[in-house]
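Peer 1: For reference, the structure I am asking about is given below.
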Amino acid sequence: MYDKFVTLRLIDQWLTEDVGCGDLTAQLMIDPASTATFYMNAREPMTIAGIEVAAAVFTRYEPGCKVELKVADADKVEKGAILLVVSGPAQALLTAERTALNIVQRLSGIATETAKYVAAIAHTKARLLDTRKTTPGLRMLEKHASACGGALNHRLGLDSGVMLKDNHIAVCGSIENAVRIARRKVPALTKIEVECDGLDQVQEALAAGTDVIMLDNMSVADMKTAVDMVAGRALLEASGGIRLDTIAAKAETGVDFISTSRPQQSAPAVDIGLDDAA
């Protein structure tokens, strides 16, 4: 899903940030002619994301190295699994090591956390959505990680759909007027979503012909009422206050989607190491 050419530009930025004028330790300690083989391995159970990006870090810094992938993105692996094997000039591999590990640890952390949320609502019809609350510059990679964990991507950017929030509605005067304006100008196949924080707004959005209604920070009881009120005439998305310990009850109300930024914003990096094959 992510653009590989854009990712290569990001890798260049990451390497520039970390290497600076040169890897002082590797240049002082490692013979430029020496070669090595390293295994990248999982030190805990995880869902993989970004393994191809990690491989690209090595080949971007040292085109002459060889990388053999042992897993693919979205794979679930156990502790001890070998993720990739990289061989080549030892000095270059040690220089690129931290950048490669940082990105695969970060993205696999998001995928692993996302998978927990997906599993928590697997007994319902609701599907998990991610959000635009991503790290600047890493959105497409983090959304890729969400997808690896089983979530669906919400808007990739502001140009991906029409979402009318409270401030848009305030400027337009009402939900009815906001939807009318949007419907008149929006591309034919683009859905219009309206954020609602009360059942009265849900009724207004439904009457206005909204495609998707977001139930923002509503109680479980109000969500159930909204599901009955809408009766399938619009898609319903629950958002706000979504945590691993609350998501199941919200999904059980009968909503179609649940959106949360929590796996992207608070997922810990997973533990992945790079060890000498010897």
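For the sequence shown, the positions run 684 to 961 when my numbering is used. We treat Cβ as the ideally placed atom computed from N, Cα and C, and that holds for glycine. Since the structure is predicted, the reported quantities are computational estimates derived from the model, not experimental observations.
Any chance the CB of residue 886 is under 7 angstroms from a heavy atom of the ligand COA?
Peer 2: No copy of the ligand COA occurs in the structure displayed, which carries no ligand at all.
Peer 1: Which residue wins for smallest C-alpha separation from residue 971, given the options 903, 904, 869?
Peer 2: Lying outside 684 to 961, the shown extent of the chain, residue 971 is not represented and no answer is given.
Peer 1: State the start and end residues of the unbroken beta strand (DSSP E) segment that holds residue 772.
Peer 2: Locating residue 772 in the sequence shown gives position 89, counting from the first residue. Per DSSP, residue 772 belongs to the beta strand (DSSP E) from 765 to 772.
Peer 1: Would you call the stretch 685 to 699 and the stretch 724 to 744 in contact, with 3 or more CB pairs under 8 angstroms?
Peer 2: Output reads yes: the stretch 724 to 744 touches the stretch 685 to 699.
Peer 1: Would you call the stretch 761 to 772 and the stretch 719 to 730 touching, i.e. three or more CB-CB distances under 8 angstroms?
Peer 2: Yes, they touch.
Peer 1: Throw me the rounded Cβ distance for the residue 730 and residue 753 pair, which I believe falls under 8 angstroms.
Peer 2: If you number the sequence shown from 1, residue 730 lands on position 47. If you number the sequence shown from 1, residue 753 lands on position 70. Not confirmed; about 15 angstroms, so no contact.
Peer 1: Enumerate in chain order the residues of its own chain whose CB-to-CB distance from residue 789 is below 6 angstroms, with the five nearest sequence positions on each side excluded.
Peer 2: Translated into positions along the sequence shown, residue 789 becomes position 106. Hits under 6 angstroms: 952.
Peer 1: Using a C-beta cutoff of 8 angstroms, does residue 762 count as contacting chain E?
Peer 2: Here there is only one protein chain, and chain E is not present.
Peer 1: Once the 5 residues before and after residue 960 are set aside, which same chain residues still bring their CB inside 7 angstroms of it?
Peer 2: The residue labelled residue 960 in the question sits at position 277 within the sequence shown. Counting only Cβ-Cβ distances below 7 angstroms, and skipping sequence neighbours, we find 720, 721, 722.
Peer 1: Quick check on this structure: which residue in 915, 886, 920, 787 has the alpha carbon closest to the alpha carbon of residue 827?
Peer 2: Numbered from 1 along the sequence shown, position 144 holds the residue referred to as residue 827. Out of 915, 886, 920, 787, 787 has the C-alpha closest to the C-alpha of residue 827.
Peer 1: For residue 940, which residues does DSSP report across the bridge?
Peer 2: As a position in the sequence shown, residue 940 is number 257, starting the count at 1. Note: residue 940 sits in a beta bridge opposite 810, 920.
Peer 1: Consult DSSP for residue 817 and reduce its assignment to one of helix, strand or coil.
Peer 2: Position 134 of the sequence shown, counted from the start, is the residue given in the question as residue 817. Three-state result, residue 817: coil.
Peer 1: Can you list the alpha helix (DSSP H) stretches of 4 or more residues lying completely in the stretch 863 to 896, in chain order?
Peer 2: The stretch 863 to 896 contains these whole alpha helix (DSSP H) runs: 882 to 890.
Peer 1: Look up residue 901 in the DSSP assignment and say whether it is helix, strand or coil.
Peer 2: As a working note, residue 901 is residue 218 in the sequence shown. Three-state result, residue 901: coil.
Peer 1: With a threshold of 16 other CB atoms inside 10 Å of the CB of residue 865, please say whether the residue is buried or exposed.
Peer 2: On the sequence shown, residue 865 is found 182 positions in, with the first residue counted as 1. Classification for residue 865: buried.
Peer 1: Measure the beta-carbon distance from residue 889 to residue 920 and round it to whole angstroms, keeping in mind my assumption that it falls under 8 angstroms.
Peer 2: By 1-based counting over the sequence shown, the position of residue 889 is 206. By 1-based counting over the sequence shown, the position of residue 920 is 237. In fact, because the Cβ distance is near 14 angstroms, the residues do not count as touching under 8 angstroms.
Peer 1: Once you ignore the five residues that flank residue 798 on each side, which residues in its own chain have a CB closer than 8 angstroms to its CB?
Peer 2: In the sequence shown, the residue the question calls residue 798 occupies position 115. Closer than 8 angstroms at the Cβ level, and outside the excluded window around residue 798, lie 730, 759, 832, 833.
Peer 1: Could you give the DSSP three-state label for residue 719: helix, strand or coil?
Peer 2: As a working mapping, residue 719 is identified with position 36 in the sequence shown. Of the three classes helix, strand and coil, the one that applies to residue 719 here is strand, per DSSP.
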